[in-house]
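Everything on this sheet refers to the single structure shown next.
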Amino acid sequence: MKIQLFPSVPSCLRPLALLSLSLAPLAAVQGQCEEVREIESPDPYGWFGLSVSGAGDLNGDGLSDLLVGAPYASPGGIPEAGVVFAFSGADGSVLLAIPGLSFGEGFGRSVAPAGDVDGDAVPDLIAGAAYASSKGRASVHSGASGALLLSFLGKKRSDFGWSVAGAGDVNGDGRGDFLVGAPYFGVGGKGFASL
Ligand SMILES: [Ca+2]
Ligand SMILES: [Ca+2]
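Just add 2 to the spot in the sequence shown (first one is 1) and you have my numbering.
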């Protein structure tokens, strides 16, 4: 498993525009976009790349860094606890490897930048562990150290944390807020989004 990073130069944007019309033109123009970077999975069985996101600049080199989830990785021998990686956008080196906590929780099913939650001027991140404690969890971690800053738990069995996003400052308290999706809440997978 690997992730590939592509530039948004005009020749690469064109197939994305064509994609909405037909899949056929996409095949015709494949190969025009040369990737900027390819990052191989540190764990061959982890479903590395099931989630990806920009991270902002975590290491202060002026270049954006990357978040990649591997929700079926087995950190420390804990099966399918999952790992969230942060990679340098400059050279692809590992900046952070944040492990899931428990068997099968799938940490890294979702990843997103969270803004600077702890005020250290380094962007932080939010990630979901949709199967944690059978209810799901989303947690916010320091982008500098990976330390846990905040944790949110799901209600009932809902796969809370299947998706996450930074939401900006919704309630006007000067701090960033978060969106967490829980698609299997209620009868028939009704789902809800929690803010
Ligand atoms: Ca950087
Ligand atoms: Ca921070």
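All C-beta atoms, glycine included, are put in the ideal place defined by N, C-alpha and C.
Supposed contact pair residue j and residue i - C-beta distance, whole angstroms, cut 8 Å
i, j, result
"G145", "L60", "5 Å"
"A72", "F89", "Their Cβ separation, rounded to whole angstroms, is 12 Å, which puts A72 and F89 out of contact at 8 Å."
"R159", "G130", "That belief does not hold up - the Cβ atoms of R159 and G130 are roughly 15 Å apart, past 8 Å."
"L103", "A114", "Not really, about 19 Å apart at Cβ, beyond 8 Å."
"P101", "V85", "5 Å"
"G168", "G117", "6 Å"
"P81", "F105", "6 Å"
Opening and closing residue of the beta strand (DSSP E) in which residue i lies
i, result
"I80", "Counting along the chain, I80 falls outside any beta strand (DSSP E), and DSSP gives it neither H nor E."
"D175", "Counting along the chain, D175 falls outside any beta strand (DSSP E), and DSSP gives it neither H nor E."
"A72", "67 to 72"
"V54", "53 to 58"
"K4", "4 to 7"
"R39", "39 to 42"
Neighbour-count burial assignment, residue i, 16 or more Cβ in a 10 Å radius
i, result
"P125", "buried"
"K4", "exposed"
"R177", "exposed"
"S153", "exposed"
"V38", "exposed"
"A30", "Here the model assigns A30 a pLDDT of 44, short of 50, so the residue's position is not dependable and the matter cannot be decided."
"V172", "exposed"
"D161", "buried"
"L65", "exposed"
"A132", "buried"
"A75", "buried"
"A123", "exposed"
"G138", "buried"
"S55", "buried"
"F8", "exposed"
"P77", "buried"
"Y47", "exposed"
"S53", "buried"
"G156", "buried"
Cutoff 7 Å: residue i Cβ touching any chain D Cβ
i, result
"F87", "Included in the structure is just one protein chain, with no chain D present."
Residue ranges of each beta strand (DSSP E) run of no fewer than 3 residues wholly in the region 94 to 149, ordered along the chain? 96 to 101, 109 to 117, 126 to 131, 139 to 143
Give a yes or no on contact between the region 152 to 169 and the region 95 to 103, applying the rule of three or more CB pairs nearer than 8 Å. Taking one beta carbon from each stretch, the region 152 to 169 and the region 95 to 103 have fewer than 3 pairs nearer than 8 Å; the two do not touch.
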